[in-house]
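Heads up, the thing below is written out as structure tokens.
Numbering (the numbering used here), first residue to last: 13 to 363.
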């Protein structure tokens with residue numbers, strides 16, 4: 013028995029380019045951000061949420077909803093019911109309150125937000141105005157931009173949510189723009205990079221590549237073999253010029269950028285709806301004689317006269333890579349031809 017099921021509606025948050033940049037700027041800077049609030053050093057972290065996740069948070073009717081306005085933008089801030097009691101315990105640890113009346117909790121939260129509105133960081137755009145503070149967060153305005161909020165101190169952590177509109181998002185991004193980006197503590201210079209000893213590059217369409225047959229010839233668009241028998245050792249368009257000497261490579265030119273780009277002769281005219289078919293998609297073919305893995309710091313410090321050994325010997329067969337993926341091997345013939353020996357056989361000749 014066949015049953016037809018209607019697909020569930022998918023709610024996606026449509027963002028403009030400026031909104032995407034603003035969300036990225038906030039998340040890059042609002043990570044473990046230290047602020048001083050009522051003589052307490054607190055750490056604030058904001059994490060952007062998708063529209064489909066905004067209402068998945070399990071807020072109860074006892075939680076607090078603070079509706080405010082800042083520089084003309086609306087803000088809804090949801091805090092847990094225990095937020096006031098947790099804050100009281102952090103400020104006055106000698107007071108052990110088993111329970112706190114709602115009126116006292118509301119008054120305490122109101123003083124916290126009043127102090128927050130007087131922070132110099134916020135006053136540059138105007139004072140934060142509290143419009144309402146009450147329980148039952150289900151009455152929030154469901155604003156489109158949403159962030160998960162965590163406020164931590166030595167006594168614990170409070171989790172909540174901030175909602176605003178596009179104007180509020182831009183204001184938050186402007187507020188964070190003066191702050192430094194958070195360091196992810198990744199040592200970039202310690203990252204390994206695989207360098208290839210390339211002899212040439214060319215670009216073929218998928219149709220031309222699939223139609224190559226035994227005996228066909230293809231010219232290189234760019235040749236890396238110099239008149240002095242030097243080669244290119246690099247990654248993409250960054251590398252050094254080297255020369256083969258005593259089974260090692262000797263650097264003869266320091267680190268440089270070639271700024272080479274592979275383009276086909278025919279360009280698609282999108283204005284005239286002249287879209288190229290899949291068969292005209294360009295395939296970047298590269299040919300290398302060996303590889304060497306090296307740290308980025310070592311690559312930047314590489315100097316003329318330095319020698320390197322290869323992870324794969326230079327005398328081995330030539331590797332043919334299509335868009336970075338190895339698709340075949342070949343052998344140099346007389347220094348001017350490359351005979352491919354895998355899957356499709358053809359001859360590549362240098363001009």
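We put the beta carbon where it would ideally sit given N, CA and C, even for glycine.
All figures in this text were calculated on a predicted structure; none of them were measured in a lab.
Only counting the same chain, and skipping five residues up and downstream in sequence, which positions put a Cβ closer than 8 Å to that of residue i?
i	result
residue 205	247, 305, 306, 307, 308 and 311
residue 30	182
residue 201	307, 308, 309 and 312
residue 186	137
residue 266	252, 314, 315 and 316
residue 213	232, 233, 234, 236, 272, 274, 296, 297, 298 and 299
If you drop the 5 nearest sequence neighbours on each side, which residues of the same chain put their C-beta closer than 7 Å to that of residue i?
i	result
residue 138	82 and 83
residue 40	193 and 194
residue 17	Here the model assigns residue 17 a pLDDT of 46, short of 50, so the residue's position is not dependable and the matter cannot be decided.
Can you tell me whether residue i is helix, strand or coil according to DSSP?
i	result
residue 180	helix
residue 232	coil
residue 270	coil
residue 120	helix
residue 305	strand
residue 335	coil
residue 261	strand
residue 30	helix
residue 316	coil
residue 436	Residue coverage of the chain in this structure runs from 13 to 363, which leaves residue 436 outside it and unanswerable.
residue 191	coil
residue 164	strand
residue 186	helix
residue 154	coil
residue 36	helix
residue 289	coil
residue 105	coil
residue 41	helix
residue 113	coil
residue 207	strand
residue 239	coil
For residue i, I'd like the list of residues in its chain whose CB is within less than 6 Å of its CB, leaving aside the five on either flank, ordered along the chain.
i	result
residue 89	78 and 174
residue 91	76 and 172
residue 50	127
residue 303	206, 208, 323 and 324
residue 35	60
What's the call for residue i, buried or exposed, on a 16-neighbour Cβ count within 10 Å?
i	result
residue 193	exposed
residue 5	Past the boundaries of the shown model lies residue 5; the chain is included only from 13 to 363, so the question cannot be answered.
residue 290	exposed
residue 332	buried
residue 87	buried
residue 208	buried
residue 254	buried
residue 32	exposed
residue 47	exposed
residue 269	exposed
residue 85	buried
residue 26	exposed
residue 338	exposed
residue 238	exposed
residue 28	exposed
Just list the residues that DSSP pairs residue i with in beta bridges.
i	result
residue 174	89 and 159
residue 215	296
residue 54	47
residue 80	87 and 142
residue 340	332
residue 253	244 and 265
residue 147	76
Please tell me whether residue i has its Cβ less than 8 Å away from any Cβ of chain C.
i	result
residue 216	Any reference to chain C falls outside this structure, which holds one protein chain only.
Return yes when the C-beta of residue i is under 7 Å from any heavy atom of the ligand HEM, and no when it is not.
i	result
residue 42	Among the components modelled here there is no ligand, and therefore nothing to report on the ligand HEM.
Contact between the stretch 69-79 and the stretch 148-163 (3+ Cβ pairs under 8 Å): Yes: at least three Cβ pairs fall under 8 Å.
Any 3 or more C-beta pairs closer than 8 Å across the stretch 114-122 and the stretch 44-58: They do not touch, by the three-pair rule.
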